[in-house]
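Notes follow the structure.
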Amino acid sequence: MGVSHRHPAPRSPVNVNTTAHHPVLVRAAEAEVLQDGATSLITLLADADATGGALTANRATLKKGSPGAPAHFHTQATEMFLVLGGKVRFLVRDEVLTLGPGDFLTVPPTVPHAFAPAPGEEGELLVVFTPGLHRFDYYRLLERVYRGEASVQEIRESSERFDNHYVDSPVWRRALEER
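Just so we're aligned, residue 1 is where the sequence shown starts under our numbering, counting upward by one.
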């Protein structure tokens, strides 16, 4: 039994504004880079408005000891992670996984998840949401909180707007204690 190399016929995208479709190019030197903590950076690549709602993408740079993203879920989008470098731990429901360079993970809507660099490691991730969510202002809010220009309460109040719903995960808390 061989592997088929035929490509399926293209299908029309669902729930995507096709009038806004155009290539999106973000040069590394021109990308907006935000600091959402002392040990992590978020490079903004493409928000939903730039992709006609098809996707939202960013690059996450996690230094050693970064708390990463706390346990949360989204109701509207699948979140995809490609590990570009280092080792990153992920919470998926109640399981903790360690991924390395080239490893890929998708997390469907409503599934609790979190991520942070593995103990003693750094991590570099490509993060993509599909369909796209307008998230760049959420990342900007995180940076404002880090700088003391906004409050954590503003993050809590933005959960519906940015489809970012935080949850408590004893499994993830224990994993983070292993730093």
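We put the beta carbon where it would ideally sit given N, CA and C, even for glycine.
A quick note: this is a predicted structure, and the numbers were derived from the prediction, not measured.
- Taken atom to atom, the span from the alpha-carbon of proline 117 to that of glutamate 149 is near 26 Å.
- The straight-line gap separating the alpha-carbon atoms of alanine 29 and asparagine 58 is approximately 14 Å.
- By alpha-carbon distance to valine 128, the top candidate from Thr51, Ser169, Leu34, Val167 is Thr51.
- Excluding its 5 nearest sequence neighbours in each direction, alanine 31 has C-beta neighbours in its own chain below 7 Å: Thr43, Leu44, Leu45, listed in chain order.
- Under the DSSP assignment, valine 92 falls in the beta strand (DSSP E) whose first and last residues are 88–92.
- Linking alanine 54 to leucine 91 through their CA atoms gives a straight-line distance of about 25 Å.
- Of the candidates Leu105, Pro112, Val111, the residue whose Cα lies closest to the Cα of leucine 126 is Leu105.
- The alpha carbon of leucine 82 has as its nearest neighbour, out of Thr75, Asp103, Lys63, Asp168, the alpha carbon of Asp103.
- Under the three-pair Cβ rule at 8 Å, the segment 66–78 counts as touching the segment 33–40.
- Around the Cβ of threonine 110, a 10 Å sphere holds fewer than 16 other Cβ atoms; the residue is exposed.
- For arginine 59, the secondary structure class from DSSP, reduced to helix, strand or coil, is strand.
- Relative to the Cα of aspartate 168, the nearest Cα in the group Val33, Thr61, Ala71 belongs to Ala71.
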